[in-house]
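Read through the structure below, which is laid out as structure tokens, and then see the notes.
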Amino acid sequence: MTATDLTTRTASVRPDVTPGRRPPWASKVVVNAVLVLATAYTVLPLTWLLVSATKGLGDLYGNPFTLTEFRLFDNVANLAAADNGVYLRWYVNSLLYAVGGAGIGAFISVMAGYVFDKFTFPGKEKLFGFVLLGVLVPSTALALPLYLLASELGVVNTFWSVFVPVLVNPFGVYLARIFSAGYVPAEVLEAARVDGASELTTFWAISLRMLMPGFVTIFLFQFTGIWNNFFLPLVMLSDQDLYPLSLGLYAWHAVVTTQPEYYPLTITGALLAVVPVLVAFLSLQRHWRAGMTSGAVK
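Take 3 as the starting number for the sequence shown in our numbering and just add one per residue.
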């Protein structure tokens, strides 16, 4: 028997799977199973919310798998008319808090991160370390000090008591510094300075355009956080006309046991509260792709 025949025979009898090793298909099954569970964990609550918003009060308190009549549009109409249309006011309040706070806050974070990255000044790293400490402090721990400060300033139970604190975002400053280091080359800034551009003009006309993917990322993070903000408004506000959606829906849900008619209103209101977050992510995701090469040097 030649060496070639021996090699061919050995290859033909060798098993496809080494003893003691997991078959390749087993890993795929495990990964796919984990992905299916993660997807179900994310999608099922939203599916339940969507289905429940189409039900009347009787179906909500009855069998959760039954639907005797489709009442989504009736629930939306009742929601808009409940308590003299206070839900619409809560919706507008949330948009003002979230859109305004996220826009201004993201811009402040981008400017601060840009300064930490591109400029040198005494104590820069120590100050940046102090900013990073703010990331470790939970927002709930700051609610009481913020309330005491707002009380001293006389702005408790006002729009500004909720709007001003959300403008500060230490994590956004950290992200902005990372984006500035990766998206804004020093050669571009040097060329702008040689051409006589001031630092403010350089930032506004050149650097901010390159940092747009970072701005959008910080905006989305901050928008989601402010939209879901609950504890700070709970501490600061007592006037229902200033409530955001999170606090307003909580107030309705608290009286469901004594006034069951608020149950379908709460569920329908929670479903409509998801819409701005979805719209923000779907409409702004293109800026990530468009700006991925914006920092390239020609």
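No residue lacks a Cβ here, since even glycine has one placed at the ideal position from N, Cα and C.
In this text the structure is predicted, and so the values were computed from the model without any measurement.
Check                                                                                      : Outcome
Exposed unless 16 or more other CB atoms sit within 10 angstroms - verdict on residue 135  : exposed
Spatially closest choice to residue 93 from 230, 261, 262, by CA coordinates               : 230
Whole-Å CB distance - residue 87 paired with residue 71, under 8 Å assumed                 : With a Cβ gap of about 25 Å, residue 87 and residue 71 do not count as contacting.
8 Å CB neighbourhood of residue 164 in its chain, flanking five on each side removed       : 99, 231, 234, 235, 238, 239, 244, 246
Distance cut-off 8 Å: residue 44 Cβ against heavy atoms of the ligand SAM                  : For the structure depicted, the ligand SAM is absent and the ligand set is empty, with no information on it obtainable.
Exposed unless 16 or more other CB atoms sit within 10 angstroms - verdict on residue 111  : buried
Short Cβ contact (9 Å threshold) for residue 81 with residue 250                           : no
6 Å CB neighbourhood of residue 172 in its chain, flanking five on each side removed       : 133, 136, 137
Selection from 189, 55, 38 that minimises the alpha carbon distance to residue 275         : 55
Meets three-Cβ-pair contact criterion under 8 Å: the region 178–190 and the region 114–121 : yes
Element boundaries [alpha helix (DSSP H), containing residue 61]                           : 59–63
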